[in-house]
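Peer 1: Starting off with a structure, shown below.
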Amino acid sequence: MKPAPFKYYAPTTAEEALAHLAEHGYDAKVLAGGQSLIPTMNFRLAQPSVLVDLNHVSELFYIKPGGDGGVLVGAMTRESQVEHDPLIAERAPLVFEAMPHIAHPQIRNRGTFGGCIAHADPAAELPAVSVALDARLRIRSQAGERWVSADEFFVGFFTTVIEPDELLVEIALPPMAPRSGCSFQEVARRHGDYALVGAAASVALDHQGRCQRVRLVFLSVGEGPVEAGRAADLLQGQFPTPEAIRAAAETAASADVDPGSDIHASADYRRHLVKILARQSLTQAFDRAKGIGG
Amino acid sequence: MAIGAIGKSHPRIDAVGKVTGATRYPGDQNYDDELWMKILFARRPHARILSVDISQAESLPGVVAVLTAKDVPVNEYGLQIPDQPVLCGVVSGKQGADIVRFVGDQVALIIAESEKIAAQARDLIHVEYEDLPVLTDPRQAMAPASHCLHPHAPENVADRHRIVKGDVDSAWANCDVIIEGEYHTPFQEHAYLQPEAGSAYLDEQGRITVRVAGQWAWEDQQQIAHALDLPPERVRVVYDAIGGAFGGREDMSVQIVLALAVMRLAERGIQRPVKIIWTREESIIGHCKRHPMVIKSKWGATRDGKLVAAEVDLVSDAGAYMYTSNKVLGNATLTCTGPYEFPNLRVDTVAVYTNNPPGGAFRGFGAPQGHFAAEMQMNKLAEALGMSPVAVRLKNILDDEKLLSVGTPLPGGVSLKQVVEETAHAAGWQTTARPAGRSKPPALKGRGFAAGFKNVGFSFGYQENSWAKVALEGTAQIEQATLFIAGADVGQGHHTAMLQIAAEALDLSASRIALVVSDTAVTQSSGSASASRLTFLAGNAVMGAAERALACWREEERPAVAEYTYLAPQTMPIADVEGQPSTPNFAYGYVAQSVEVEVDTETGAIHVIRVVSADDVGRAINPQQVIGQIEGAVVQAQGYAMLENFQVEDGYILTPHLSTYLIPGVLDIPDQLDSIIVQHPDPRGPYGVRGMAEMPYLPLTPALIAAVHDATGVWFDDFPLTPERVLRGLGKI
Ligand SMILES: Cc1cc2nc3c(=O)[nH]c(=O)nc-3n(C[C@H](O)[C@H](O)[C@H](O)COP(=O)(O)OP(=O)(O)OC[C@H]3O[C@@H](n4cnc5c(N)ncnc54)[C@H](O)[C@@H]3O)c2cc1C
Chain G
487 MKPAPFKYYA PTTAEEALAH LAEHGYDAKV LAGGQSLIPT MNFRLAQPSV LVDLNHVSEL
547 FYIKPGGDGG VLVGAMTRES QVEHDPLIAE RAPLVFEAMP HIAHPQIRNR GTFGGCIAHA
607 DPAAELPAVS VALDARLRIR SQAGERWVSA DEFFVGFFTT VIEPDELLVE IALPPMAPRS
667 GCSFQEVARR HGDYALVGAA ASVALDHQGR CQRVRLVFLS VGEGPVEAGR AADLLQGQFP
727 TPEAIRAAAE TAASADVDPG SDIHASADYR RHLVKILARQ SLTQAFDRAK GIGG
Chain P
10 MAIGAIGKSH PRIDAVGKVT GATRYPGDQN YDDELWMKIL FARRPHARIL SVDISQAESL
70 PGVVAVLTAK DVPVNEYGLQ IPDQPVLCGV VSGKQGADIV RFVGDQVALI IAESEKIAAQ
130 ARDLIHVEYE DLPVLTDPRQ AMAPASHCLH PHAPENVADR HRIVKGDVDS AWANCDVIIE
190 GEYHTPFQEH AYLQPEAGSA YLDEQGRITV RVAGQWAWED QQQIAHALDL PPERVRVVYD
250 AIGGAFGGRE DMSVQIVLAL AVMRLAERGI QRPVKIIWTR EESIIGHCKR HPMVIKSKWG
310 ATRDGKLVAA EVDLVSDAGA YMYTSNKVLG NATLTCTGPY EFPNLRVDTV AVYTNNPPGG
370 AFRGFGAPQG HFAAEMQMNK LAEALGMSPV AVRLKNILDD EKLLSVGTPL PGGVSLKQVV
430 EETAHAAGWQ TTARPAGRSK PPALKGRGFA AGFKNVGFSF GYQENSWAKV ALEGTAQIEQ
490 ATLFIAGADV GQGHHTAMLQ IAAEALDLSA SRIALVVSDT AVTQSSGSAS ASRLTFLAGN
550 AVMGAAERAL ACWREEERPA VAEYTYLAPQ TMPIADVEGQ PSTPNFAYGY VAQSVEVEVD
610 TETGAIHVIR VVSADDVGRA INPQQVIGQI EGAVVQAQGY AMLENFQVED GYILTPHLST
670 YLIPGVLDIP DQLDSIIVQH PDPRGPYGVR GMAEMPYLPL TPALIAAVHD ATGVWFDDFP
730 LTPERVLRGL GKI
């Protein structure tokens, strides 16, 4: 199928793009990598009358060190570029680890870091990863800009706080604290498919080796990234022993998530995977925080 | 010199066009004045049509015609028996055509100026239905109280067989071990790359010409002519490039309705080409599937592993119409006791009509289901006896003398022992007890073994035949040859293989041979591109035509033109009379496989590490194409075994898209696949050829499931082995 007719703009600056959005509001959609937007338009699930193409807005393509020791990623940076970037590998290993799980290389060559986050697919990796990392998102409109933390950014099924006249322009990935570690795990039916369940864990230990910070976020089990708050509370201030991790994983599965059934997997199986992936990701993240393992 | 043209991996003659995109598939044919057709599918599993109101659809601007059952001259078709209405509707010459029997039954055709208008008009057709009870379980459908779906099939039995040999009831007393199991096999969707499509028009001679992708152009022509009540010569079928088939194009999809549209439009003075392209969803709803079967097996053997007795009860879900259910049942009947000799057996098999999607031809024709039960039994027997699965097979495997269940030996040279030994050797079964390596919980490794055999052709009494024609031009020397064949190149490389055989037989460079293919205006019947039959049968036809043409050439005829129709040795149906021997087939191919897997016992995911597949192809005309078939079969079977989960509920298909019906991608295939080509010639095959394209499909599922058992200690008697099913089997959820 082909999309419904639309007007097309190809601005070369963010300012220009924002002007188009200000003018057209709800009728407009921004086009990033097009890997999600174009299929939905072809199926006529989305019929924007105006398309604002960001592919010529060169100021949105970058990966650079943040002053705080983290990384700043321009919204239009291709997923494949993030996947292979040494700065990302060093400063945002959780992102680095999650990237190959996103679709296939061909799709990552076009799909963008910002597009994946703005699209807010509950089965997508980067929304969960950005919440686990406490990423901060810079959102701009003609009126100015604002910063939103990842856990406030996602408000539901394919829905974020971005207003029709706004653009997501940058994602700030904070630095890794000392004695911190992270891990990404997922199970999909086939290589490259959206996950049946995925887990992103990011932890930090105090001087004694107790849990100081635990963020465990799941994908594909709810309307957006689902944070396992109860599991994290259980670990907070505790030594991350195998028993403690196991108990936290049980709690995550029984109290933090309420997955549904679909054609690919039952709720029971998803809940089971939550338990397994919680344990695996927490174990690996704590090991890394302790400096054990890769 | 061309002698030596066979046995070499001649580059595929269709490769460049397909890679560059120049090749035209049916949907790529465009015409300036084309019209578009859409089909209204019933989309309900069982109902009586009370009325069809097309008035709104007809009056939509841009709609040229709306056709219903009353417009079909002879409203019936079917490859084996004509039990399916072309269009379901009230007013029709065909009794029972007012009944919709599955979701893919067709109700109306809309022909319009554009596809979009046709689709809009389709949605304006109002059909009044009276829903009828839906039969989804074949075992229930056979019960006397069940609604009868076809007048010719009391108790909904589409076909049945019984084979009896020896005295099974008293033989159990002589068995030291008895293995019993009930096996369930799932639907499988063909999922070829190219969904059904085609175009039709009146050619320069006024023939109704249908351009499609099918598997047997001549048969398509016959079925169109029957439904349109025309002499066959008024209908012409031409095959464009075919994007995969696997049996799913064996039966009619768009052929008859395209021809019908052109005929009825011409009567109204409209002579414009009509075109249709099915969506993926229409394709999945609109064509047949691999038959689900339930197979109950009881096998007995002595302590030293000699098979004594077998009792098998097999029920096949034929779905709404016959398609090739009878041939599929024949193969399931013959293979459900495996490639082994049993002195005593009783096999009861039945194919039953239901309101599910029709079961039809699909790579293996019932042999995958038969082998699943047989090879599961064999592997369980090996375990029970503490014997190696290779050793227990070699003890019982069929050879040139041993008798099949039907009481006759396999014809054409039996190489089962050889393929079993070659696979076992290559996969290291003789030396190590288990695959070496890093098996540590939760990831457990295991390996499994299975063997297989299958007939070449439909046979079971059908007189297999294939036609070819060769024309030689030149004066003193042959300068140019033209080979006329009608076998469909469905993507398997048939045309290349026939070119190589012609080059060999004519002793002429392949570059001097032109091909004329699959156009019923100039070709006869080469038979279907299915059942591993085409290289054997069409190869013999090409050799025969080449020999005759050369004889004419020597008689100074210029051009020297000769035709030849190869007739395979006669066969017979499985005997109705108990204990009476029969020879259902004239040739077979053989295979054995070993599969190594790693099972993640926490997630249930299976990773296929290595497959070894030894296949006796008789003679590899083109070794690269043979390996392509082995690799394709293994991957397709791997999808069947662990990934493809076709779900039908109350007759409705829940997985009508490739996002819900998952087939393997390039990253999901085995890490390593060793294809071993065994060449034990069939004396009747061209240059010793056997059929081969289905055989490597057959053992994969039971071998893979045996490997999972080896890793986990759990037997799975049904599949696909989705991670969820594996975990349930392991008792973890
Ligand atoms: C076959 C296939 C498999 C896939 N598998 C996965 C997978 O496993 N995991 C996964 O995470 N993703 C997967 N994807 C999606 C892929 O990662 C997409 O590229 C991504 O989700 C969207 O990024 P995009 O740049 O293509 O955005 P687009 O498709 O261009 O846009 C998506 C949406 O975000 C909006 N948008 C984009 N950029 C901005 C911005 N800067 N500011 C405001 N709004 C914006 C658009 O208006 C649109 O509504 C898959 C896609 C395909 C086709």
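Protein sequence lines correspond, in order, to chains G and P. Just add 486 to the spot in the first sequence (first one is 1) and you have the working numbering. Just add 9 to the spot in the second sequence (first one is 1) and you have the working numbering. Using N, Cα and C, we set each Cβ at its ideal position, and we do this for glycine too.
Check whether the Cβ of T465/G sits closer than 7 Å to any heavy atom of ligand 1, and report yes or no.
Peer 2: No statement about residue 465/G is possible, as the shown extent of chain G runs from 487 to 780 and does not include it.
Peer 1: Using only the alpha-carbon positions, how far apart do P301/P and A646/P sit?
Peer 2: Their Cα atoms are separated by approximately 15 Å.
Peer 1: For a contact meaning CB atoms closer than 7 Å, what does D513/G contact in chain P?
Peer 2: Chain P residues near D513/G: none, gap ~23 Å exceeds 7 Å.
Peer 1: So if I threshold CB-CB distances at 8 Å, which residues from the stretch 673–692 of chain P count as touching chain G?
Peer 2: Answer set for the stretch 673–692 of chain P: P673, G674, L676, D677.
Peer 1: Does DSSP put D683/P in a helix, in a strand, or in coil?
Peer 2: Note: D683/P maps to strand in three-state DSSP.
Peer 1: Is there a C-beta anywhere in chain G that falls below 8 Å from the one on L663/P?
Peer 2: Yes, L663/P counts as interfacial toward chain G.
Peer 1: Find out if the Cβ-Cβ distance for the pair L88/P, T333/P is shorter than 8 Å.
Peer 2: Yes, the Cβ-Cβ distance between L88/P and T333/P is below 8 Å.
Peer 1: Run the CB neighbour count on R530/G, radius 10 Å, all protein chains shown included, and call it buried at 16 or more, exposed below.
Peer 2: So R530/G ends up on the exposed side.
Peer 1: Within the 8 Å Cβ cut-off, does L323/P reach chain G?
Peer 2: By this cut-off, L323/P is not an interface position.
Peer 1: Can you name the residues that DSSP bridges to G461/P?
Peer 2: Answer by DSSP bridge pairing, in chain order: V600/P.
Peer 1: Within 10 angstroms of the Cβ of K389/P, are there 16 or more other Cβ atoms? Answer buried if so, exposed if not.
Peer 2: So K389/P counts as buried.
Peer 1: Closer than 8 Å is the cut-off here; do at least three beta carbon pairs connect the stretch 61–68 of chain P with the stretch 107–114 of chain P?
Peer 2: Counting Cβ pairs under 8 Å, fewer than three are found: no touch.
Peer 1: By Cβ distance, which residues of its chain are closer than 6 Å to F644/G, with the 5 residues on each side in sequence left out?
Peer 2: Taken in chain order, the residues that qualify are A606.
Peer 1: From the DSSP output, read off the bridge partner residues of Q489/P.
Peer 2: Per DSSP, E482/P.
Peer 1: Could you tell me whether the Cβ of S740/G comes closer than 8 Å to any Cβ of chain P?
Peer 2: No, no contact with chain P.
Peer 1: In or out: A445/P buried (at least 16 other Cβ within 10 Å) or exposed?
Peer 2: Low confidence applies to A445/P: its pLDDT is 49, below 50, so where it sits in the model is not reliable enough to give any reading.
Peer 1: Taking a cut of 9 Å between CB atoms, which residues from the stretch 591–604 of chain G lie near chain B?
Peer 2: The question asks about chain B, but that chain is absent: this structure's protein chains are G and P.
Peer 1: Give the residues of chain P in contact with I749/G, contact being defined as C-beta atoms less than 7 Å apart.
Peer 2: Ordered by position in chain P, the residues that pass the 7 Å Cβ test against I749/G are Q656, L663, T664, T669.
Peer 1: Could you tell me which of G483/P, S123/P, R245/P, L671/P sits nearest to L730/P, measuring between CA atoms?
Peer 2: That would be L671/P, whose Cα lies nearest to the Cα of L730/P.
Peer 1: Return the residue from the list A681/G, F725/G, A674/G that minimises the CA-CA distance to A690/G.
Peer 2: Looking at the Cα atoms, F725/G is the closest of the given residues.
Peer 1: Distance cutoff 8 Å, beta carbons only. Does A650/P sit that close to anything in chain G?
Peer 2: Output row for A650/P: interface = no.
Peer 1: By Cβ distance, which residues of its chain are closer than 6 Å to E164/P, with the 5 residues on each side in sequence left out?
Peer 2: M151.
Peer 1: Give the residues of chain G in contact with A614/P, contact being defined as C-beta atoms less than 7 Å apart.
Peer 2: Under the 7 Å cutoff, chain G gives V673.
Peer 1: If distances are taken between C-alpha atoms only, which option among V570/P, A642/P, S262/P comes closest to V620/P?
Peer 2: Here the closest residue by C-alpha is A642/P.
Peer 1: Show which residues of chain G have a CB atom less than 9 Å away from the CB atom of I742/P.
Peer 2: Those within 9 Å of I742/P in chain G are S752, D754, Y755, R757, H758.
Peer 1: Which residues bound the beta strand (DSSP E) around A490/G?
Peer 2: Unbroken run through A490/G: none, as it is neither H nor E.
Peer 1: Report yes if the CB atom of I574/G is closer than 8 Å to the CB atom of A621/G, and no otherwise.
Peer 2: No, the pair does not count as a contact, with Cβ atoms beyond the cut-off.
Peer 1: How is G637/P classed by DSSP in three states: helix, strand or coil?
Peer 2: Of the three classes helix, strand and coil, the one that applies to G637/P here is helix, per DSSP.
Peer 1: To the nearest angstrom, how far is the alpha carbon of A254/P from that of P195/P?
Peer 2: Going from the Cα of A254/P to the Cα of P195/P covers about 19 Å.
Peer 1: Can you list, in chain order, the residues of its chain with a C-beta nearer than 6 Å to that of A514/P? Leave out the 5 residues immediately preceding and following it.
Peer 2: Excluding residues within five positions, the ones whose Cβ falls inside 6 Å are M552, A555.
Peer 1: Could you tell me whether the stretch 477–492 of chain P touches the stretch 578–589 of chain P, using the rule of 3 or more Cβ pairs below 8 Å?
Peer 2: Segments in contact, no.
Peer 1: Per DSSP, which one or two residues make a beta bridge with E218/P?
Peer 2: A small correction: the amino acid at residue 218/P is Thr; Glu does not occupy that position in the sequence shown. T218/P is bridged to Y210/P, R245/P.
Peer 1: The alpha helix (DSSP H) spanning N365/P covers which residue range?
Peer 2: Careful: N365/P lies outside any alpha helix (DSSP H) and carries neither H nor E.
Peer 1: Note down, in chain order, each residue of its chain lying with its Cβ closer than 7 Å to the Cβ of A753/G, except the 5 sequence neighbours on either side.
Peer 2: Once the five neighbours on either side are set aside, the close Cβ partners of A753/G are P745, G746, S747.
Peer 1: Please classify N84/P as buried or exposed, where buried requires at least 16 other C-beta atoms within 10 Å of its C-beta.
Peer 2: So N84/P ends up on the buried side.
Peer 1: Identify whether A445/P lies in helix, strand or coil by the three-state DSSP scheme.
Peer 2: In this prediction, A445/P has a pLDDT of 49, which is less than 50 and means its spatial position is unreliable; nothing more can be read from the coordinates.
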